[in-house]
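Every position in the sequence shown, counted from 1, becomes a number in our numbering once 32 is added. Ideal placement from N, C-alpha and C gives every residue a C-beta, glycine not left out. Fair warning: this is a prediction, and the values are worked out from it, not measured in the lab. Worksheet: one structure, shown below.
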Amino acid sequence: LPILNRGVFKIDPRDIYQLKYAKELNLQNKELLALVNHYSGNSSYSSRMMSRYMIDGAVLGNKEHIAAMIQDAQFNANQPSNFYCAACGLAVASDGLLGMPLINAAKRGKVIIRTLPEGGFVLQRQDRKVARQ
Numbered sequence: 033l034p035i036l037n038r039g040v041f042k043i044d045p046r047d048i049y050q051l052k053y054a055k056e057l058n059l060q061n062k063e064l065l066a067l068v069n070h071y072s073g074n075s076s077y078s079s080r081m082m083s084r085y086m087i088d089g090a091v092l093g094n095k096e097h098i099a100a101m102i103q104d105a106q107f108n109a110n111q112p113s114n115f116y117c118a119a120c121g122l123a124v125a126s127d128g129l130l131g132m133p134l135i136n137a138a139k140r141g142k143v144i145i146r147t148l149p150e151g152g153f154v155l156q157r158q159d160r161k162v163a164r165q
């Protein structure tokens, strides 16, 4: 991890999540998220077509990535096909509010990102309660 944090290697932030499966490294979600944030700060990954790493950030629980994806979901259908899919990423990373209800709630500033104790998150409207299972 210290070597990865120093930037000794040139790493694509879109592939960092795969390190989760390297049992030898035993990286925790916070450590992986720090690496995603570190390597996505490179200017070549700041354009929207290069931001597939945001889905990984959402799966790892980063509320800033989730909030950005919520905003991108409204215009997702207008993006070129090589851009990342915000709606797809939210669908993969959540069990909550999706589609037009998400877009409408986001327009009104009514989306709450609720982190779950067992990991992951749920998107909900501010005026509704999450049904716990």
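Is DSSP giving R164 helix, strand or coil here? Any reading at R164 must be qualified, since the residue scores a pLDDT of 46, below 50, and its modelled position is unreliable; the value itself is stated next. Correct three-state label for R164: coil.
So, for G131: in the same chain, excluding its five sequence neighbours on each side, which residues have a beta-carbon less than 8 Å away from its beta-carbon? A119
Excluding the 5 residues flanking S83 on each side, which residues of the same chain have their C-beta closer than 6 Å to its C-beta? Y116
Using a 10 Å radius around the Cβ and a threshold of 16 neighbouring Cβ atoms, would you call A163 buried or exposed? Bear in mind that the predicted position of A163 carries a pLDDT of just 46, short of 50, making it unreliable; the figure below should be weighed with that in mind. That one is exposed.
Looking only at its own chain, which residues have a Cβ that is under 7 Å from the Cβ of T147, when we skip the five neighbours before and after it? G93 and F153
7 Å Cβ shell around L51 - same chain, five flanking residues per side excluded: L57, L59 and L64
So that I know if they touch, is there some Cβ in chain B lying closer than 8 Å to that of R84? Absence of chain B from the displayed structure is noted, only one protein chain being present.
Put Q156 into one of helix, strand or coil per three-state DSSP. strand
Put R46 into one of helix, strand or coil per three-state DSSP. helix
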